[in-house]
Amino acid sequence: MQKLSAKFGEFTETHYLCDDFTLLQTMETKFKRLDHKSLVALLLVITRMIKADSRIDASEIQKLMVLERQYNFDHTLMTEASRLTLSEAIKQLRTLDVPTRHQILESLTELGSTDRILERHEALLLLTLRYCLLDDDWQKCDVVSSHISHRSGDLGTYIIYFETEDNEAIHREIFDEWELMKLMLQQNGLQFFFVEHIVQSLCKQDPVIIKKMLEYFAPTKTDQQIDHLYARMEEMDSSTFCQQVFVRSMQLTDLRNSRPSLLINLGSTDLLRIEITDTPQAHIRKFLDDYNRQASPGMTAVRPLDNENHLGHFSYYGYYRDFFNLLVQSEPKESRIVLWPNKSEFEFPQIGRSLRLNQQEASLYSLILVYTYKYNKKGLPLCYSPEQRKIEALYRTIYCRKKFVETEDVIFPDNLAPIRAKIEKKMRDQLDGLDNIEDFIPRNERREGFYRIAAPLKMVCVRPDIRQSEVSIADFEW
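For what it's worth, this note's numbering labels the leading residue of the sequence shown as -12, then goes sequentially.
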């Protein structure tokens, strides 16, 4: 890397094949003080920019060869860049100072415009970088990347409503503004994917036709099972779809605890996430205004797409295909968790199994659940916090209810990590086959300093004793 850094510090007059690489030479001179990790991240973004329009000419390969020779972008550096995801590259570039990030965006914009046309996908990538690299007081944005390619993301550009728990208020806002939002997006060649609207449209169809279609999708199913699939379709919702497709299938674990958001696919592995802090329509309108300003005139004006499920017509491509595939696949073995205050066991009734922990593990796990859903709702702090006495007192209370000992004899553990690791190992050993097991394993998500559980609140209950029925953990007093 010393040789590479020295090379970046030089400026020599070189004849380039195209203005692209005069610009690239200027970029390297401008960013000569970038550290190694930032150089790798910048190289990843440059290559994504070159490939954004899905066309690679022989001249572009020649340009890359020139860049490789001039700046010693050897195979080691290129390999490092190829292993990065767009999300990782953006996180690294965000460590740079704001003026440098502005310079990067300006140079990438010039690079994308060297042919005098900023194509739709180039504009979307640049807009994503601008949203994520420059702070925006009005909306929160980031990129989530999967190491698993998901082909639905290649079939058009979608805006997907994402949630992990039902949010009826946002649902009503989307339904109220559906026609306007659909028109705005279709005029720009974009599609809005909202599971509740898909279900509503399908339920208006002739049930006989829908069931016959499901029979073709799942020919091994009996008539009774087809009826069950139809009932599942009527109950499908955004939270179920998003958890299965994005969190589990694509393994986008960063979305596990995400607030309601709009996801915009940037290809088969990357999604721009815009957290909904205003109305969905307000976010969509802002995105479209910025998108149209970023792209060259005429590049976003494409033939409107009709993605409605009219009578006798069904969309079966992209994420619509995922909807039907999720519907007809084997029903996932999922369960809620039931805590017993006086036991060190945790029931998972839908699969008929229990998690058995020792006293210390059971008390810590219960404490994590309580802090995830009842108190600060962020999770249990890993390090000493201002409310440490309250945490330790509650831990002793939980421990004593399970063990029937005096509180003075109970000591709060100094190091939580080894105990958390043992809890995870026992969960994986004892709950093998539970499809939503990842939702119940305590984690320090995004390194925020809290152990928390990802399962929705409705999946966590307490059974005070054998004579009483279950209550939500948020309503139970320890």
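In this text, a Cβ means the ideal position worked out from N, Cα and C, and glycines have one as well.
Per-residue DSSP class, three states only, for residue i
i    : result
L342 : strand
C370 : coil
E334 : strand
L314 : helix
S322 : coil
Y382 : helix
I453 : coil
R439 : strand
V27  : helix
S353 : helix
F180 : strand
V186 : helix
V397 : coil
R81  : coil
S69  : helix
S302 : coil
Own chain residues within Cβ distance below 8 Å of residue i, not counting five before or after
i    : result
E411 : I428, P429
L167 : Q268
N244 : T151, E432, R439, A441
C448 : R323, I324, V325, L326, E457, V458, S459, I460
L92  : L113, L116, R117, L120, L121
Spatial distance of residue i from residue j (CA atoms)
i     : j    : result
Q281  : Q212 : 50 Å
R340  : F333 : 9 Å
D426  : E97  : 44 Å
Y203  : G420 : 28 Å
R107  : Y303 : 24 Å
V458  : K361 : 13 Å
E222  : Q192 : 15 Å
S236  : D396 : 46 Å
F(-2) : Y118 : Low confidence applies to F(-2): its pLDDT is 29, below 50, so where it sits in the model is not reliable, and the reading given next is rough at best. One C-alpha to the other measures close to 32 Å.
V289  : G176 : With a pLDDT of only 46 at V289, under the threshold of 50, the placement of this residue in the model should not be trusted; the figure read from the coordinates follows. Rounded to whole angstroms, V289 to G176 spans 6 Å at the Cα level.
K445  : Q375 : 28 Å
V27   : F301 : 44 Å
P328  : N402 : 24 Å
P443  : I104 : 46 Å
K509  : M171 : There is simply no residue 509 to check, as the chain begins at -12 and stops at 465 in what is shown.
K198  : Q316 : 15 Å
M200  : Y278 : 38 Å
T63   : S69  : 10 Å
Q337  : H215 : 17 Å
P206  : I261 : 39 Å
Q178  : P319 : 28 Å
T305  : F311 : Checking the sequence, you will find Gly at residue 305 rather than Thr. In a straight line, the C-alpha of G305 is about 11 Å away from that of F311.
L250  : Q230 : 13 Å
V357  : T240 : 22 Å
V195  : E155 : 30 Å
W465  : R454 : 17 Å
K208  : N423 : 24 Å
S25   : G99  : 20 Å
Inter-residue CB distance, residue i and residue j (contact presumed, cutoff 8 Å)
i    : j    : result
S133 : Q238 : 6 Å
L242 : V232 : Incorrect: roughly 10 Å between the Cβ atoms, too far for contact.
I161 : P247 : I161 to P247, Cβ: 10 Å. No contact.
F181 : Y148 : 5 Å
L80  : L29  : 7 Å
L116 : L83  : Contact doesn't hold; Cβ gap of about 13 Å is too wide.
R88  : L114 : Contact doesn't hold; Cβ gap of about 15 Å is too wide.
M220 : L314 : 6 Å
F399 : Y382 : 5 Å
L111 : A76  : Actually they are not in contact, since the Cβ atoms of L111 and A76 sit about 16 Å apart, beyond 8 Å.
I406 : E348 : 6 Å
T34  : K127 : About 27 Å separates the two Cβ atoms, so there is no contact after all.
Same chain, Cβ closer than 7 Å to residue i, five either side skipped, listed in chain order
i    : result
L344 : S331, Y352, I410, K413
E183 : H158, D224, S225
N252 : G140, T144, Y145, L258
F437 : K365, G366, L367, P368, L369, N431
Y386 : Q346, S350, V397
D153 : D224, S226
E67  : V27
Cβ-based neighbour list, residue i, same chain, cut-off 6 Å, excluding 5 preceding and 5 following
i    : result
L73  : V130, S132, D257
T164 : In the sequence as displayed, the identity of residue 164 is Glu instead of Thr. Answer for E164: Q268, listed in chain order.
T384 : W465
Give, in chain order, every unbroken run of the alpha helix (DSSP H) that is at least 4 residues long and sits entirely within the segment 221 to 274. 225 to 229
Write down every uninterrupted run of the alpha helix (DSSP H) in the segment 95 to 178 whose length is 4 residues or greater and which is fully enclosed by it, in chain order. 107 to 120, 155 to 163, 165 to 173
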